[in-house]
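Taking it in order: structure first as structure tokens, then the write-up.
There are 2 protein chains.
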Amino acid sequence: MAFHLIRKLEQFTRLSSDDKRILEQAASLKVRRLGSREDIFREGDKPRHINLILDGWACRYKVLEDGRRQITALLIPGDLCDVHMFILTRMDHSVGAITPLSVAEIPTDTILEITHGSARLSRAFWWNSLVEEAIAREWVTNLGQREAIERVAHLFCELFLRLRSVGMTNSQASCPSFELPVTQEQLADATGMSTVHVNRTIQEMRERGLIVWKGKTVTIPDLEALQDVALFNANYLHLDHAGQAYDANEP
Amino acid sequence: MAFHLIRKLEQFTRLSSDDKRILEQAASLKVRRLGSREDIFREGDKPRHINLILDGWACRYKVLEDGRRQITALLIPGDLCDVHMFILTRMDHSVGAITPLSVAEIPTDTILEITHGSARLSRAFWWNSLVEEAIAREWVTNLGQREAIERVAHLFCELFLRLRSVGMTNSQASCPSFELPVTQEQLADATGMSTVHVNRTIQEMRERGLIVWKGKTVTIPDLEALQDVALFNANYLHLDHAGQAYDANEP
DNA sequence: CGGCCGCTTGAATACCGTCAATTATAGTGG
DNA sequence: CCACTATAATTGACGGTATTCAAGCGGCCG
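Just so you know, the sequences run in chain order A and B. With full-length UniProt numbering applied, the first sequence covers 1 to 251. With full-length UniProt numbering applied, the second sequence covers 1 to 251.
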């Protein structure tokens, strides 16, 4: 069940089979299923437990008084919503399902047990939330400095790398590809652009051969080219096994 | 020395005099002074210790290949740079001084001692970094959804409340005011706007009586009016003493 | 097969950026 | 104390990028 999370955390550190068993167990205690566009929780809610995305896509978002909506993060399998939120009394944003979703609800107590029991897992969770923070900072930069095509290209680069890090890309045959179950409207909410302009931007990207997007599959003929137009630098994703020093324990 | 940090953390939880003494001590171990526009650290650096801003303003920022620059956070006295960064191998962004700065360098060991020694302080630090994350998300929303005047107004509201929470505002006489040692160019880098347009936006705000900005002092004649044009909702700052339940110890 | 949601297109316009020049302010040294 | 210089703020003109509005198209699901 916790396959994607384990795979992601292993980008940072190796995990013992004990660690993995613990994660598997935590992820299978209670699984909740949501339909597309349902909310996992809403702004103002009291946080109760940690949610782990097992399957499907979700997004964090904020809504302004007048209805404008900003997606502040796209969540894919292996992502944790609000690892630490139990410190705060109220959620300051919402998380909603983009596709039908299956989510593990992990009680905060279980999380505390895990982090107290294993320094490796504790650090791995820590790393995970630091990366989330770094992604948020990169989004600020993306929205503030990059223009339309760079912005969308950047998001595609990020998604590709994040999906690859949890084993959700196809690199067979010629070009790498992945499933993108997101509408152009949602892309607009994530990039701070209008739907119309997202559409035109996507078209330009297609014309320039940067992406092929048919149905729900995106193919990237030339990743380097895409990264170039995006001014993409992957360092903020910290996919560098920085925590290797921590696993003295087991092979 | 650690006055502002203590004051800020007390927005979350009450601290014992022991807690405060520990913080004071940590903040006075080693103090570094920087001139305006010097960097505390740069993207690519290896994080060595935690930096606590004692005096002056700083900013986190990222620079694109072609020189475009985005400020992703404004840092004021009491703010910690990279509480958790020692998990990561390389910094993915820079932090630079806006004004002359005095910064406490706190060794990671000291931080670990503190957090292991006091559950209250540990949670307070946690709260602090959750709030930083929340601010980053709000900035994403700000850049993505709000137009120029709303965006600048929002930043002013945020700064006012954050400064007030560390005791750096003046509410005497009639209207609240604070020192803003930031150039319009830096404001532009923070809001993703051009300098020229920041200038024009500020002028409109002045004409509409939303702010008075003379020299380095900003006065807010009508905070509610400013919040209204900003579509500002303070919940993301979590200034609600959420951690009061934690201080059973001392009066 | 019809309806709905998402995608696409065009035209008009608003917002904001760029360039370039001018004025104001602050910091520095004689 | 004042001239000098650098930095910051301001202004105008122009153009480009992105938004809005409105309408048409197309595929997928019931």
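Just so you know, even glycine gets a beta-carbon here, dropped at the ideal spot from N, CA and C.
Length of the line joining the Cα atoms of residue i and residue j
i                      : j                      : result
residue 135 of chain A : residue 236 of chain A : 7 Å
residue 62 of chain A  : residue 70 of chain A  : 5 Å
residue 227 of chain B : residue 92 of chain A  : 17 Å
residue 248 of chain B : residue 158 of chain A : With a pLDDT of only 47 at residue 248 of chain B, under 50, the local geometry of the prediction cannot be trusted, and no value is derived from it.
residue 44 of chain A  : residue 233 of chain B : 12 Å
residue 25 of chain B  : residue 19 of chain B  : 10 Å
residue 55 of chain A  : residue 100 of chain A : 8 Å
residue 250 of chain A : residue 229 of chain A : Residue confidence is low: residue 250 of chain A scores 49 on pLDDT, short of 50, so the model does not pin down where it sits. No coordinate-derived value is stated.
residue 214 of chain A : residue 203 of chain A : 12 Å
residue 225 of chain A : residue 127 of chain B : 41 Å
residue 188 of chain B : residue 198 of chain B : 6 Å
residue 27 of chain A  : residue 211 of chain B : 51 Å
residue 217 of chain A : residue 208 of chain A : 18 Å
residue 177 of chain B : residue 102 of chain B : 23 Å
residue 8 of chain B   : residue 142 of chain B : 24 Å
residue 6 of chain A   : residue 201 of chain B : 48 Å
residue 48 of chain A  : residue 37 of chain B  : 44 Å
residue 15 of chain A  : residue 120 of chain A : 7 Å
residue 74 of chain A  : residue 52 of chain B  : 31 Å
residue 31 of chain A  : residue 144 of chain B : 33 Å
residue 89 of chain A  : residue 89 of chain B  : 32 Å
Residue of the options minimising C-alpha distance to residue i
i                      : options                       : result
residue 242 of chain A : B/56, B/5 and B/87            : B/87
residue 60 of chain B  : B/19, B/232 and B/39          : B/39
residue 195 of chain A : A/204, A/184, A/209 and A/205 : A/184
residue 186 of chain A : A/210, A/41, A/130 and A/97   : A/97
residue 149 of chain B : B/164, B/5 and B/206          : B/206
residue 160 of chain B : B/142, B/144 and B/179        : B/179
residue 76 of chain A  : A/169, A/198, A/29 and A/201  : A/169
residue 147 of chain B : B/106, B/123, B/191 and B/121 : B/191
residue 238 of chain B : B/118, B/162 and B/119        : B/162
residue 174 of chain A : A/222, A/155, A/74 and A/52   : A/222
residue 118 of chain A : A/171, A/53, A/182 and A/13   : A/13
residue 220 of chain B : B/153, B/165, B/231 and B/42  : B/153
residue 3 of chain A   : A/79, A/74, A/41 and A/64     : A/79
residue 22 of chain A  : A/34, A/31 and A/1            : A/1
residue 11 of chain B  : B/65, B/165, B/32 and B/193   : B/165
residue 65 of chain B  : A/231, A/129 and A/113        : A/231
residue 133 of chain B : A/151, A/181 and A/82         : A/82
residue 110 of chain B : B/46, B/240, B/29 and B/244   : B/29
residue 112 of chain B : A/139, A/123 and A/113        : A/123
residue 85 of chain A  : A/67, A/58 and A/41           : A/41
residue 240 of chain A : A/171, A/131 and A/139        : A/131
Opening and closing residue of the alpha helix (DSSP H) in which residue i lies
i                      : result
residue 138 of chain A : 119-145
residue 195 of chain B : 195-207
residue 27 of chain A  : 17-28
residue 156 of chain B : 148-165
residue 7 of chain A   : 3-9
Opening and closing residue of the beta strand (DSSP E) in which residue i lies
i                      : result
residue 179 of chain B : 177-179
residue 55 of chain B  : 49-55
residue 217 of chain B : 217-219
residue 32 of chain A  : 31-34
residue 191 of chain A : Unbroken run through residue 191 of chain A is the alpha helix (DSSP H), 184-191; no beta strand (DSSP E).
residue 227 of chain B : Where residue 227 of chain B is concerned, there is no enclosing beta strand (DSSP E), although the alpha helix (DSSP H) it sits in stretches over 223-230.
residue 239 of chain A : Where residue 239 of chain A is concerned, there is no enclosing beta strand (DSSP E), given that its DSSP letter is neither H nor E.
residue 214 of chain A : 212-214
residue 71 of chain B  : 69-75
residue 63 of chain B  : 58-63
residue 87 of chain B  : Segment: none, residue 87 of chain B is in no beta strand (DSSP E) and carries neither H nor E.
residue 79 of chain B  : Where residue 79 of chain B is concerned, there is no enclosing beta strand (DSSP E), given that its DSSP letter is neither H nor E.
residue 39 of chain B  : 39-41
Handout entry: chain B contacts made by the stretch 128-146 of chain A, where a contact means CB separation under 9 Å
Key = Cβ contacts with chain B: 129, 130, 131, 132, 133, 134, 136, 137, 138, 139, 140, 141, 142, 143, 144, 145 and 146.
Handout entry: Near-chain B residues of the stretch 231-243 of chain A - C-beta to any C-beta below 7 Å
Key = If the cut-off is 7 Å between Cβ atoms, the stretch 231-243 of chain A has 231, 235, 236, 238, 240 and 242 near chain B.
Practice task
Only counting runs of 3 or more residues, tell me where the beta strand (DSSP E) segments fall wholly within the stretch 91-116 of chain B, in order along the chain.
Solution key: Taking only runs of at least 3 residues, the beta strand (DSSP E) segments lying wholly in the stretch 91-116 of chain B are 94-97 and 101-107.
Practice task
Could you name the residues of the stretch 69-81 of chain B whose beta carbon sits closer than 7 Å to any beta carbon of chain A, in the order they occur along the chain?
Solution key: Residues passing the 7 Å Cβ filter: 70 and 72.
Practice task
With 8 Å as the limit, tell me which residues of the stretch 55-67 of chain A have their beta carbon closer than that to any beta carbon of chain B; keep them in chain order.
Solution key: Cβ contacts with chain B: 60, 62, 64, 65 and 66.
Handout entry: Cβ-based contacts, 9 Å cut-off: residues of the stretch 28-57 of chain A near chain B
Key = Correct list: 43 and 44.
Problem - Residues within the stretch 7-22 of chain A neighbouring chain B, beta-carbon criterion of under 9 Å - result: Residues are counted here when their Cβ sits less than 9 Å from a Cβ of chain B; for the stretch 7-22 of chain A these are 12, given in chain order.
Handout entry: Against chain A: residues of the stretch 80-98 of chain B by CB proximity under 8 Å
Key = Answer set for the stretch 80-98 of chain B: 84, 85, 87, 88, 89, 90, 92 and 93.
Problem - Short-range partners of chain B found in the stretch 185-196 of chain A, where Cβ spacing is below 9 Å - result: Within the stretch 185-196 of chain A, the residues whose Cβ lies closer than 9 Å to some Cβ of chain B are 189, 190, 191, 192 and 193, listed in chain order.
Problem - Where the stretch 102-128 of chain B meets chain A: residues whose CB sits under 7 Å from a CB there - result: Those would be 123, 126 and 127, in chain order.
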